[in-house]
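See structure below.
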Amino acid sequence: QSVVTQPPSASGTPGQSVTISCSGNSSNIGSNYVCWYQHFPGTAPKLLIQRSNQRPSGVPDRFSGSKSGTSASLAISGLRSDDEADYYCAAWDDSLSGYVFGTGTKVTVL
Amino acid sequence: EVQLVESGGVLAQAGGSLRLSCAASGFSFSTNSMVWVRQAPGKGLEWISYISSSSSKVSYADSVRGRFTISRDNAKKSLFLQMNSLRPEDTAVYYCARAAPLDYWGRGTLVTVYS
Chain A
28 QSVVTQPPSA SGTPGQSVTI SCSGNSSNIG SNYVCWYQHF PGTAPKLLIQ
78 RSNQRPSGVP DRFSGSKSGT SASLAISGLR SDDEADYYCA AWDDSLSGYV
128 FGTGTKVTVL
Chain B
14 EVQLVESGGV LAQAGGSLRL SCAASGFSFS TNSMVWVRQA PGKGLEWISY
64 ISSSSSKVSY ADSVRGRFTI SRDNAKKSLF LQMNSLRPED TAVYYCARAA
114 PLDYWGRGTL VTVYS
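In the order they appear, the protein sequences are chains A and B. If you read the first sequence in this note's numbering, its first letter stands for residue 28, the second for the next number, and so on. If you read the second sequence in this note's numbering, its first letter stands for residue 14, the second for the next number, and so on.
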């Protein structure tokens, strides 16, 4: 069971905004950058946010990340039907000497 | 273009062994750390192993430590995962990814372990 927790689901109508939370501890989120991934089952996860709040080239500015203390969040604005996917946060964990992924959040566009 | 292609996933019996491979192209493989991540059916992503660029540092999740071994061949731009003492709970899609951050991923290879 992951030490980093996310809500299992989030939803919104097209055009609305959705925010996903990610809660960890001082060994992971509290002391390292957070990344966010979009994952469609059967495909390669896609990096949406790196270094807690930076978008890689090609990622729309509808996606934004933030971090405070041992928590982070991903905001999706202008929700679209193709945003319907699983979203994961991840961070390096100093005590594990490895990465930890959040439990994952399924976003549904109503 | 960065590409990571996993291979070696098969149907295996519990207690058996498998070796997964990840072929890298489009970037300087020898200067990047790499990881293996898996996703069991109906479950989330789980990091299982990390290897530094020179292989000097490796680490494992508790769930696989002592059974799995990560390695790499920088000359052949390849990453490996030797999986021994397989268990049904190792059934998953296995992904390799470039670190850090984990910015490029392969499409995964399916490992199914039956008892």
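Heads up, the beta-carbon is just placed ideally off N, CA and C, and yes, glycines get one too. All values reported here derive from a predicted model rather than from experimental measurement.
Where residue i falls: helix, strand or coil (DSSP)
i	result
E182 (chain B)	Any question about residue 182 (chain B) goes unanswered here, given that chain B covers just 14 to 128.
E59 (chain B)	strand
T44 (chain B)	helix
A88 (chain B)	helix
G120 (chain A)	In the sequence under discussion, the amino acid at residue 120 (chain A) is Asp, which differs from the Gly named in the question. Here D120 (chain A) sits in strand by DSSP.
Cβ distance (whole Å) where residue i is taken to contact residue j below 8 Å
i	j	result
Y114 (chain A)	T97 (chain A)	Contact doesn't hold; Cβ gap of about 19 Å is too wide.
G51 (chain A)	V31 (chain A)	4 Å
I64 (chain B)	R85 (chain B)	6 Å
Candidates the options, of which the one nearest residue i by Cα
i	options	result
S95 (chain A)	A:S44, A:N59, A:S36, A:Q65	A:N59
Y126 (chain A)	A:R82, A:K73, A:N55, A:H66	A:N55
N129 (chain B)	B:V124, B:S65, B:A112	Examination of residue 129 (chain B) is not possible in this model, given that chain B is present from 14 through 128 alone.
E102 (chain B)	B:L17, B:D116, B:R80, B:W118	B:R80
R107 (chain A)	A:S29, A:G42, A:A37	A:G42
Cross-chain neighbours of residue i in chain A, by beta carbon under 9 Å
i	result
S72 (chain B)	L123, S124, G125
Y107 (chain B)	The contacting residues do not exist; Y107 (chain B) stays about 12 Å from chain A at best.
V48 (chain B)	G125, Y126
Beta-carbon neighbours of residue i, restricted to chain A and to distances below 7 Å
i	result
W118 (chain B)	A71, P72
E59 (chain B)	F128
Residues that residue i contacts on chain B, provided the C-beta gap is smaller than 9 Å
i	result
G131 (chain A)	K56, G57, L58
Within chain B, partners of residue i - CB distance below 7 Å
i	result
A117 (chain A)	L115
Within the stretch 28 to 115 of chain A, ranges of the beta strand (DSSP E) (whole runs, at least 3 residues): 36 to 39, 45 to 50, 61 to 66, 73 to 76, 90 to 95, 98 to 103
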